[in-house]
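For reference, the structure discussed in these notes is given below.
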């Protein structure tokens with residue numbers, strides 16, 4: 001269906017407000033670009049049925065990528081296109097890598113098998129029959145386009161390609177049906193409005209700053225990115241001081257734009273606390289333009305001990321506070337958020353990345369080493385931190401001599417396989433790993449490891465973060481990693497061992513799926529032993545567990561658990577409600593709960609509602625014992641912001657007072673609930689509701705969502721965005 005609906009040093013303990021922040025997209029402000037955004041939106045949704053190219057031309061700093069990103073992530077665009085991909089062109093590019101980057105996003109995590117096809121042919125085949133949206137960011141020459149063009153099929157289904165460039169001739173050379181969009185510079189009023197919003201982030205700008213603020217923005221020559229970065233160059237607590245802004249205005253008038261930008265970045269960097277400097281420089285290790293997954297980044301910061309806290313239970317909150325500090329200063333930019341408003345992906349601004357690359361070398365913060373690269377400089381054993389970072393196709397014929405000297409280093413080491421630029425293959429890494437006893441971070445999710453990996457990992461006892469892709473995993477193989485904080489595994493078979501639960505420093509266990517099963521004597525020892533309590537564990541899942549093995553004693557082993565993803569195995573005969581209540585007595589600290597294969601009785605709903613800190617709830621494969629009725633009357637979920645119902649078999653949903661039941665709900669997602677007739681109309685009374693996403697449901701469910709949207713439009717200034725996908 002094609003319905004498009006509108007739409008280092010010890011870091012300080014964060015305050016409550018900083019740890020509970022949601023990202024506010026001031027950095028994605030479209031001041032002066034609204035008209036272009038509206039025209040592009042029309043071309044993306046309407047326009048010709050043929051494959052078309054939409055080009056945007058602008059100077060560096062004119063927010064070309066920001067404009068496109070807003071459209072790319074718009075719910076209406078997300079629901080309209082079957083697949084999307086974003087590809088940023090580096091100064092020196094390899095067409096094969098670009099094709100691979102696009103292909104990986106199109107196939108969404110599936111393993112790539114090249115076979116006898118070229119990469120271009122594989123991409124062409126993967127896109128056939130799909131309505132796709134491809135973004136080619138910062139393309140600088142037409143010849144790159146000539147190679148890529150053959151990979152994009154035209155099935156006359158309104159697929160689109162968006163191109164950003166600084167060069168008018170490139171845009172004209174790519175023209176198909178519509179002329180390129182040429183971005184203009186902001187005028188004085190637009191520049192001043194943008195500076196106000198960026199500097200004070202929703203707060204009122206003091207009147208005494210009006211005059212000096214206009215002096216500052218005139219010096220920015222209408223460049224959006226420069227205005228935003230200068231707004232963040234002064235710490236938030238000092239932005240009300242006119243003298244500081246006057247100093248900035250004088251510097252603007254005495255430097256060229258390029259020199260001024262570097263000076264502003266240096267000034268922002270110098271004002272950072274030491275731990276924030278480490279966090280920023282660490283991000284500079286990734287390729288320019290690379291979108292860093294925030295969930296991994298925060299864990300890497302913790303593993304490297306950039307982020308410390310007297311209360312170790314709050315390390316994640318402290319790490320998140322550091323991220324928002326860098327966002328507030330506009331040194332990094334947010335590229336994607338999750339449904340609950342948290343940041344999902346971010347990247348270092350292009351100009352800041354250049355600064356970080358230079359500063360990393362000058363300050364000897366870290367030495368970046370690409371093994372198997374014959375051009376790799378000799379390893380400096382005096383530098384305390386090393387990062388072995390693979391973002392190129394590894395070649396068996398490359399020499400590993402340069403990596404041999406890692407064995408002499410006394411500092412920490414990281415081994416990160418770039419998730420977009422490395423191809424899974426059978427390169428033998430184990431000789432490199434065998435003697436690297438100081439490795440802290442080992443991220444190899446995109447590299448399939450042969451069975452001999454177990455032996456190679458025996459010496460890596462300093463690991464804090466481990467992410468691997470293997471055929472099978474027995475937890476007892478890792479029980480010697482006593483410092484391990486994060487374990488991420490992609491595996492077709494994972495076997496639990498009680499030894500893993502004695503790893504007291506574990507904070508995150510993220511495995512595609514595994515079962516908690518053991519011999520009866522082992523289960524009794526684990527459940528009944530008062531010594532086995534994983535106080536630090538925050539994340540657990542996705543794991544299978546039978547109802548028979550669920551006991552209050554089991555859940556008490558994880559008193560500080562915040563995220564749980566559970567697939568209920570062997571539910572069997574539905575127990576009495578009183579028994580179920582004890583089975584699902586989850587830790588009260590839970591903020592995110594995902595349950596699959598669940599019989600949703602009244603008692604189960606009541607038990608979930610008792611989780612007073614729960615912010616995200618996802619229920620999948622939802623069954624009912626009697627009437628196919630989801631009754632949420634008389635239940636309140638006071639902190640819930642995101643509710644997802646997938647593959648539910650209810651016909652009716654009763655909730656007469658949704659504003660009481662879901663007082664803070666922001667996002668509602670209903671997917672593949674084929675029997676459901678409608679969303680309760682009382683959801684229109686939830687003032688915080690922002691998004692309703694309907695996927696593969698009856699048309700009547702969509703119609704009820706639209707009624708809620710219309711009511712909110714007429715009765716208040718708060719809009720609800722509705723998206724639908726068949």
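In full-length UniProt numbering, the protein residues as written are 1 to 726. All C-beta atoms in this analysis are idealised placements derived from N, C-alpha and C, irrespective of residue type, glycine included.
The Cβ atoms of residue 276 and residue 356 do not sit closer than 9 angstroms to each other.
Here residue 265 carries a helix assignment [DSSP, helix/strand/coil]. Non-local beta-carbon contacts of residue 487 in its own chain, meaning distances under 6 angstroms to residues more than five positions away in sequence, involve 466, 509 in chain order.
Secondary structure note for residue 702: its alpha helix (DSSP H) is the uninterrupted segment 699-715. If you look at residue 85, you'll find it in the beta strand (DSSP E) that goes 83-88. For residue 666, the three-state secondary structure derived from DSSP is coil. Burial is judged here by how many other beta carbons sit within 10 angstroms of a residue's own beta carbon; residue 39 has fewer than 16 and is exposed.
CA-CA distance, residue 514 to residue 620, rounds to 17 angstroms. Residue burial annotation: residue 202 is exposed, with fewer than 16 other C-beta atoms found within 10 angstroms of its C-beta. Taking a C-beta distance under 9 angstroms as the contact criterion, residue 622 and residue 645 qualify as a contact pair. The Cβ atoms of residue 725 and residue 79 lie closer than 9 angstroms to each other.
The region 608-696 is shown to contain whole beta strand (DSSP E) runs of 3 or more residues at 616-623, 629-631, 642-648, 652-654, 667-671, 691-695, in chain order. Here residue 348 carries a strand assignment [DSSP, helix/strand/coil]. In this structure residue 50 is not in contact with residue 179, their Cβ atoms being roughly 16 angstroms apart against a cut-off of 8 angstroms.
Across the set 463, 245, 151, the C-alpha of 245 shows the shortest separation from the C-alpha of residue 211.
In the DSSP assignment, residue 725 falls within the beta strand (DSSP E) that extends over 721-725. For residue 319, no beta strand (DSSP E) encloses it; the enclosing alpha helix (DSSP H) starts and ends at 315-328.
For residue 205, there is no enclosing alpha helix (DSSP H), since its DSSP letter is neither H nor E.
Within the same chain, and ignoring the five residues on either side of residue 171 in sequence, the residues whose Cβ sits closer than 6 angstroms to its Cβ are 55, 57, 165, 180. Per the coordinates, the alpha-carbon of residue 247 lies some 37 angstroms from the alpha-carbon of residue 293. With a 10 Å radius around the Cβ and a threshold of 16 neighbouring Cβ atoms, residue 535 comes out exposed. Using a C-beta cut-off of 8 angstroms, the region 76-90 makes no contact with the region 189-197, since fewer than three inter-stretch Cβ pairs fall below that distance.
Proximity to residue 103 across 68, 152, 36, 632 peaks at 152, based on C-alpha coordinates. The beta carbon of residue 705 lies closer than 7 angstroms to those of 679, 692, 694, 722 in the same chain, with the five residues before and after it left out.
The DSSP-derived three-state label of residue 213 is helix. Between the region 312-329 and the region 229-240 there are three or more inter-stretch CB-CB distances shorter than 8 angstroms, so the stretches are counted as touching. Contiguous alpha helix (DSSP H) elements confined to the region 134-215 occur at 142-149, 168-173, 188-200, taking only those with 4 or more residues. Straight-line spacing of the CA atoms in residue 489 and residue 296 works out to 13 angstroms. By the Cβ-count criterion, residue 358 is exposed, with fewer than 16 other Cβ atoms from all chains shown falling within 10 Å of its own Cβ. For the set 339, 312, 311, 345, the Cα lying nearest the Cα of residue 323 is the one of 345. Boundaries of the beta strand (DSSP E) around residue 598: 592-599. By the criterion of at least three beta-carbon pairs nearer than 8 angstroms, the region 623-636 is in contact with the region 653-669. Taking a cut-off of 8 angstroms on C-beta distances, the region 561-571 touches the region 540-548, as three or more cross pairs fall below it. Sequence-distant partners of residue 32 (beyond 5 residues in either direction) whose C-beta falls short of 6 angstroms from its own C-beta, in its chain, are 186, 190.
Note: residue 57 is bridge-paired with 165, 182 in the DSSP secondary-structure output.
With respect to the C-alpha of residue 158, the residue from 105, 343, 133, 582 having the closest C-alpha is 133.
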